[in-house]
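Asks: The sequence shown begins at 33 in our numbering and counts up one residue at a time. Every residue, glycine too, gets a C-beta built ideally from N, C-alpha and C. Supplied in structure tokens, the structure appears directly below.
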Amino acid sequence: MRKTFVSVLAVFCTLGAMAQTVLFHTGDSTGYPYRIPAIAATAKGKLVALTDLRPCGNDIGYGRVDILSRTSHDNGSTWGTPQAVLTGTGSGPETGYGDACLVADKQREELLLVCVSGDVSYWQSRVEHSQRLVSTRAKWNKKQQKWEWEKPLDHTAYIYHDLFGGRINGLFMGSGRICQSSQVKVGKYYRLYGALCTHKGNFVLYSDDFGRMWDVLGSATESCAPKGDEPKCEELPDGSVLLSSRKHGGRYFNVFRYSDIKTAKGAWGAAVDSREAVGGISNEGTPCNGEVLILPVRNADGKRTTLALQSIPAGPGRSNVTIYWKELASRADYATPYGFAAGWQGSYRVSDKGSAYSTMVQQPDGRIAFFYEEEPGYYQMVYRALTLDEITGGKFRPTKK
């Protein structure tokens, strides 16, 4: 879980040719730390950044935690003032709300936020007194120029008991970006994928109604990454689902392949440790969550192809947040967990400081909206707009829409 709030004035600094904006400044007038980045780009071109503000100074389960947001209408050049999304009470089941994961619907100006809540920590969580999993949706109020968030919907009992039969004591959805499919649509909305960190490894949930109801993708008894920690999901070029999960050094990767897309039938492969794959990601960072993003791009010759990006601290420890990249030139590069884990071709260091959690999404202008935690302090919540040319050394650029 993490921290959040914002200084009224955006803070700018320059590293080389790149400008960065501190959206939430630990050390501002609140006196509280910010943690955990989440970001989304809406159908009409807004950028929305979320973070934890932590009056308790710690994760969910240790006191009050709030979630705040800021919105940009101009591809991150300027940002509005902070807006309260969910405010913790400091006691009881609504003590805190944190570790936001966010998605903006591809067709509607509509947001979905899923987060963890409650008065018990992840490792203290038990079925009879567990961390809560809640969600809230928002629509843009054009007149008031703000997001209108609905009352939170509590999924806890349904997920713990109906989906997992009381077998799991603690769980939360990996913070950052919820994946929305570009290919699978059953009903009004394109399918969503959210990955769970649980006491028994990773599981993936999917939703066909923009987060009102969720179901398990694959088995509810056998984890798709038994040793995995905080996870993320992404859609592969053929519509399969990728799991990327936190570990010490590198990542765990797994792939779910459909046998029937409409009914979500299919099976996971066996999770692969990227350090054990030829050319796999092998960083020296301590366990920390990052983001995986897969994009249609053009190569230097102008031909269409697909690019995979994975962000994590390169290390040592939580420092030097870096984006690793590889081209998915053929199905062999992603059809199996090992295929995806192998053959990473390059990396781009975003931060040269102490830095930890990160997330990213493609902006309407084709750049990558990168939102991450960086020192000094513990931490500043920093936004940068990066070009694919910068990230890959000129090898790829966005496709024209």
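Just verifying my parser: in three-state terms, what is the DSSP assignment at Leu325?
Replies: Three-state DSSP puts Leu325 in a strand.
Asks: Within its chain, find whatever has a CB closer than 7 Å to the CB of Thr110; leave out the 5 residues flanking it on each side and keep chain order.
Replies: Result list for Thr110: Ser104, in chain order.
Asks: Using a threshold of 7 Å, state whether the C-beta atoms of Gly322 and Ser387 are closer than that.
Replies: No, the pair does not count as a contact, with Cβ atoms beyond the cut-off.
Asks: According to DSSP, is Ser251 helix, strand or coil?
Replies: Three-state result, Ser251: coil.
Asks: Starting from Trp357, follow its DSSP beta bridges and name the residues at the other end.
Replies: DSSP, once it has assigned bridges, lists Leu341, Gly378 as partnering Trp357.
Asks: Report all residues from its chain with a CB closer than 6 Å to the CB of His187; omit the five preceding and five following residues, and keep chain order.
Replies: Here the set comprises Leu165.
Asks: Count the other CB atoms within 10 Å of the CB of Thr36; is the residue buried (16 or more) or exposed (fewer)?
Replies: A caution first: Thr36 carries a pLDDT of 32, below 50, which makes its placement in the model unreliable, though a value can still be read off. Burial call: buried.
Asks: For my contact list, Glu142 and Arg169 are in at a C-beta cut-off of 8 Å; report their separation, rounded to the angstrom.
Replies: Yes, Glu142 and Arg169 are in contact; Cβ-Cβ is about 6 Å, under 8 Å.
Asks: Rounded to the nearest angstrom, what separates Phe44 and Phe288 at their Cα positions?
Replies: Any reading at Phe44 must be qualified, since the residue scores a pLDDT of 37, below 50, and its modelled position is unreliable; the value itself is stated next. Each residue's alpha carbon lies about 41 Å from the other.
Asks: Work out the CA separation of Lys76 and Gln177 for me, nearest whole Å.
Replies: Roughly 14 Å separates the two Cα atoms.
Asks: Give the range of the beta strand (DSSP E) segment to which Tyr238 is assigned.
Replies: Counting along the chain, the beta strand (DSSP E) containing Tyr238 begins and ends at 233-239.
Asks: Pick helix, strand or coil for Pro114, following the three-state DSSP scheme.
Replies: DSSP places Pro114 in coil when its eight states are reduced to three.
Asks: For my contact list, Pro65 and Gly89 are in at a C-beta cut-off of 8 Å; report their separation, rounded to the angstrom.
Replies: Correct: roughly 6 Å between the Cβ atoms.
Asks: Measure from the alpha carbon of Gly260 to the alpha carbon of each residue in Val273, Trp376, Ala252, Asn286, then state which is nearest.
Replies: Comparing Cα positions, the closest option is Asn286.
Asks: Scan the segment 48-99 and note each continuous alpha helix (DSSP H) run of 4 residues or more that stays entirely inside, going in chain order.
Replies: Qualifying alpha helix (DSSP H) stretches: none in this window.
Asks: Three-state secondary structure (DSSP) at Gly124?
Replies: Residue state, collapsed to three classes: helix.
Asks: Taking Cβ positions, are Thr121 and Asp98 nearer each other than 7 Å?
Replies: Not a contact, by the Cβ cut-off of 7 Å.
Asks: Please state whether the Cβ-Cβ distance between Lys294 and Gly206 is less than 7 Å.
Replies: It is not a contact, given that the beta carbons lie outside the stated cut-off.
Asks: Which residue wins for smallest C-alpha separation from Trp376, given the options Leu360, Ile71, Ser383, Gly124?
Replies: Of the listed residues, the one whose Cα sits closest to Trp376 is Leu360.
Asks: Reducing DSSP to helix, strand and coil, say where Tyr370 ends up.
Replies: Residue state, collapsed to three classes: helix.
Asks: So, for Ser39: in the same chain, excluding its five sequence neighbours on each side, which residues have a beta-carbon less than 6 Å away from its beta-carbon?
Replies: For Ser39, the predicted structure reports a pLDDT of 32, less than 50, and the residue's modelled location is therefore unreliable. A value from the coordinates is still provided. Excluding sequence neighbours, Ser39 sits near His57, Asp60.
Asks: Would Leu420 and Pro430 qualify as a contact pair, given that the criterion is a beta-carbon distance under 7 Å?
Replies: Yes, the Cβ-Cβ distance between Leu420 and Pro430 is below 7 Å.
Asks: Would you identify the three-state DSSP class for Tyr410, choosing helix, strand or coil?
Replies: Of the three classes helix, strand and coil, the one that applies to Tyr410 here is coil, per DSSP.
Asks: In three-state DSSP terms, what is Glu266?
Replies: Here Glu266 sits in strand by DSSP.
Asks: Which word fits Gln215, buried or exposed, when buried means at least 16 other C-beta atoms lie within 10 angstroms of its C-beta?
Replies: Exposed, since its Cβ has fewer than 16 Cβ neighbours within 10 Å.
Asks: Check His187 in the structure and name its three-state DSSP category.
Replies: His187: coil per DSSP, three-state reduction.
Asks: With Gly243 and Ser167 assumed to form a contact (beta carbons below 8 Å), what rounded beta-carbon distance in angstroms separates them?
Replies: Rounded, the Cβ-Cβ distance is 5 Å, consistent with contact.
Asks: Could you pull the start and end residues of the beta strand (DSSP E) that Leu420 belongs to?
Replies: Premise fails: Leu420 lies in the alpha helix (DSSP H), 420-424, not in any beta strand (DSSP E).
Asks: Where does Arg399 fall in DSSP's three states?
Replies: Coil at Arg399, not helix or strand.
Asks: For Pro430, name the three-state secondary structure that DSSP assigns.
Replies: Pro430: strand per DSSP, three-state reduction.
Asks: Starting from Lys297, trace the beta strand (DSSP E) in both directions and tell me its first and last residue.
Replies: First-last of the beta strand (DSSP E) with Lys297: 297-300.
Asks: Just verifying my parser: in three-state terms, what is the DSSP assignment at Tyr389?
Replies: It is a strand residue.
Asks: Evaluate Asp91 with the Cβ neighbour count: other Cβ atoms within 10 Å of its Cβ, from every protein chain shown; 16 or more gives buried, anything less gives exposed.
Replies: Answer is buried; the Cβ neighbour count reaches 16.
Asks: With DSSP run on the structure shown, which of helix, strand or coil describes Tyr221?
Replies: Coil, per DSSP.
Asks: Assuming Ala441 and Ala132 make a contact with CB atoms under 8 Å, what is their CB distance in whole Å?
Replies: Because the chain is modelled from 33 through 433, residue 441 falls outside the range shown and cannot be assessed.
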